[in-house]
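Residue numbers (this note's numbering), protein chains in the order written: chain R, -2 to 136; chain U, 385 to 626. Here a beta-carbon is modelled for each residue, glycine too, at the ideal position from N, C-alpha and C. Just so we're clear, the structure is a prediction, and the values are computed from it rather than from any experiment.
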Amino acid sequence: TARLLKKKQLNQINRLPHSNKQLGIFDDGHGSHSREFCRRHELYVNFRDLGWLDSVIAPQGYSAYYCAGECIYPLNYCTNTTNHATMQALVHLMKPDIVPKVCCVPTELSAISMLYYDKNSNVILRRERNMVVQACGCQ
Amino acid sequence: GGGHLPRPPHVFPQRRLGVGEPRDMQREIQEMLGLPGRPRSRAPLAAAQQPASAPLFMLDLYHAMTDDSGGGSPQPHLNSADLIMSFVNIVERDRSLGYQEPHWKEFHFDLTQIPAGEAVTAAEFRIYKEPSIHPLNTTLHISMFEVVQEHANRESDLFFLDLQTLRSADEGWLVLDITAASDQWLLTQNKDLGLRLYVETEDGHSMDPGLAGLLGQQAPRSRQPFMVGFFRASRSPVRAPR
Chain R
-2 TARLLKKKQL NQINRLPHSN KQLGIFDDGH GSHSREFCRR HELYVNFRDL GWLDSVIAPQ
58 GYSAYYCAGE CIYPLNYCTN TTNHATMQAL VHLMKPDIVP KVCCVPTELS AISMLYYDKN
118 SNVILRRERN MVVQACGCQ
Chain U
385 GGGHLPRPPH VFPQRRLGVG EPRDMQREIQ EMLGLPGRPR SRAPLAAAQQ PASAPLFMLD
445 LYHAMTDDSG GGSPQPHLNS ADLIMSFVNI VERDRSLGYQ EPHWKEFHFD LTQIPAGEAV
505 TAAEFRIYKE PSIHPLNTTL HISMFEVVQE HANRESDLFF LDLQTLRSAD EGWLVLDITA
565 ASDQWLLTQN KDLGLRLYVE TEDGHSMDPG LAGLLGQQAP RSRQPFMVGF FRASRSPVRA
625 PR
């Protein structure tokens, strides 16, 4: 039954001309020529720019990174993916209007340390978890 | 903050933020990070004529925490702590004038800012000692007690915390372990911590802490006494729905 189903699905995929080039609900509208796979991008969060240096003593900013890019079937190139994501990506191919594309999200995060003043001018040193993207994946 | 970096090759769907939205978002992120918003009137650190002792110590801790060289942390409690707070000494009382014995110095700290749900792993009282010549080159015993209860007509109830022995000529930061008092703070919800410091000479005579070279609130900002608490977070902050 599985073999038959797989064959049927493959036929369906083959019958969808340019299906992976059709826009999903999260597509950017730029077409396939500008597509980029899900990966980690540079992002520096500057506390000075945010006007927070009144209370934050250190650091002045930190490399937070962010995840962006597309998760398109097949997801073999993307290591941090779940079985569910693979299935959802496949179903999205067949029903792009109903099932959304898999999201490119952080899969591994690390902490930073922050030193700041509280309202009473006491000084606090805190380890903030999940602040830096270490790896991205399709989930 | 990444405006100067090259943009990714695709464009995210964008919308214009409402009038109050940027402020709400800033507040939400600050809350998530535990940032209190603008602190009370305080000269900025860089503009202060002389940095205060607690921020200087905390900055050293920060550098030790973020140092990747693997040189080893000078603070044994650092690795197990998620949150480290310094407390400024708000009230200092002396019974060191005249010939009344025993002499002591009392320090009070406001602990109301400790976030709920934090478990204390360690606490230290730090006081700077200058070399003392009265008496010259002798051994001093410095003991620390927690003021458990104060009475109008008799001496306060005290709880022993730590004892350090040093020479009168010694100079530097003296660290007294006050972790044992932390159980009391959590059990009794007593947020006003009173600590009493006694100095004795080797022959058992009480000595004025000031004469022993221990600096109090009147000292230069970089040498004023303070308290440090090490806490372990019991849960990660929950992001409030917006």
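Kindly say whether residue i, judged by its beta-carbon, lies nearer than 7 Å to any beta-carbon of chain R.
| i | result |
| --- | --- |
| M582/U | According to the sequence shown, residue 582/U is Tyr rather than Met. Taking Cβ atoms only, chain R never reaches closer than 7 Å to Y582/U, which makes this a no. |
| Y512/U | no |
| D466/U | yes |
| M611/U | no |
| M528/U | no |
| M469/U | yes |
Going by CA-CA distance only, name the one from the options that's closest to residue i.
| i | options | result |
| --- | --- | --- |
| R479/U | H535/U, S552/U, L581/U | L581/U |
| V99/R | Y114/R, R123/R, I109/R, E67/R | E67/R |
| S437/U | F615/U, D466/U, E530/U, P609/U | P609/U |
| Q568/U | D587/U, K489/U, G578/U | G578/U |
| L542/U | F529/U, H535/U, V612/U, D554/U | F529/U |
| E534/U | V612/U, M469/U, E490/U | E490/U |
| A55/R | M111/R, S107/R, C101/R, E39/R | M111/R |
| E508/U | S516/U, N473/U, Q497/U, T523/U | N473/U |
| S566/U | G402/U, D451/U, A503/U | A503/U |
| Y113/R | R400/U, D546/U, L417/U | L417/U |
| H492/U | H461/U, E476/U, A596/U, I413/U | E476/U |
| I526/U | D546/U, A553/U, M611/U, E539/U | D546/U |
| V652/U | T522/U, F441/U, D408/U, V612/U | Coverage of chain U is limited to positions 385 through 626, which leaves residue 652/U absent and any answer about it impossible. |
| Q410/U | N127/R, N77/R, V42/R, S118/R | V42/R |
| A494/U | V612/U, A617/U, N537/U | One point to set straight first is that residue 494/U is Asp, not Ala, in the sequence displayed. Residue V612/U is the option with its Cα nearest to D494/U. |
| T83/R | P71/R, M91/R, Y59/R | P71/R |
| L467/U | P460/U, W488/U, I498/U, D444/U | I498/U |
| L599/U | F544/U, P460/U, R510/U | R510/U |
| C64/R | L87/R, R36/R, Q85/R | R36/R |
| R616/U | V403/U, Q434/U, A500/U | A500/U |
| R45/R | E39/R, Y59/R, F34/R | Y59/R |
Below 7 Å on C-beta distance, what does residue i contact in chain U?
| i | result |
| --- | --- |
| A86/R | Within 7 Å Cβ-Cβ: nothing; A86/R doesn't reach chain U, min ~18 Å. |
According to DSSP, is residue i part of a helix, a strand, or is it coil?
| i | result |
| --- | --- |
| L579/U | strand |
| Q131/R | strand |
| W49/R | coil |
| V96/R | coil |
| A65/R | strand |
| R607/U | helix |
| I468/U | strand |
| S118/R | coil |
| A43/R | Sequence check: residue 43/R is Asn here, not Ala. Strand. |
| I109/R | strand |
| R126/R | strand |
| V88/R | helix |
| N80/R | helix |
| Y59/R | strand |
| R616/U | strand |
| L599/U | coil |
Run through chain R and tell me which residues come within less than 7 Å of residue i, C-beta to C-beta.
| i | result |
| --- | --- |
| A438/U | V120 |
| Q497/U | D115, N117, N119 |
| G418/U | R123 |
| T505/U | Chain R residues near T505/U: none, gap ~13 Å exceeds 7 Å. |
I want to verify the contact list: residues of chain U whose CB lies under 9 Å from the CB of residue i, in sequence order.
| i | result |
| --- | --- |
| I140/R | Outside the displayed span of chain R (-2 to 136) sits residue 140/R, for which this structure offers no information. |
| E105/R | Those do not exist, as E105/R stays about 16 Å from chain U at its closest Cβ, beyond 9 Å. |
Please confirm whether residue i has its beta-carbon closer than 7 Å to some beta-carbon of chain U.
| i | result |
| --- | --- |
| Y113/R | yes |
| Q19/R | Its pLDDT being 34, under 50, Q19/R is placed unreliably by the model, and the measurement read from it follows with that caveat. Answer no: the Cβ-Cβ gap between Q19/R and chain U never drops below 7 Å. |
| S110/R | yes |
| I22/R | Reliability fails at I22/R, whose pLDDT of 33 lies under 50, so the model's placement of it is uncertain and no value is given. |
Using the beta-carbon of each residue, which ones in chain R are nearer than 9 Å to residue i?
| i | result |
| --- | --- |
| F491/U | Near F491/U there are no residues of chain R at all, since even the closest Cβ is about 15 Å away, more than 9 Å. |
| V472/U | N117, S118, N119, V120 |
| T523/U | Neighbours of T523/U on chain R: none; closest Cβ ~34 Å, over 9 Å. |
| T450/U | A55, P56, I109, S110 |
Going along chain R in order, which residues have a C-beta closer than 8 Å to the C-beta of residue i?
| i | result |
| --- | --- |
| G494/U | The displayed chain sequence assigns Asp, not Gly, to residue 494/U. In chain order: N117. |
- Message: Runs of 4 residues minimum, wholly inside the stretch 502 to 590 of chain U: which ones carry the alpha helix (DSSP H) assignment?
- Response: 563 to 572
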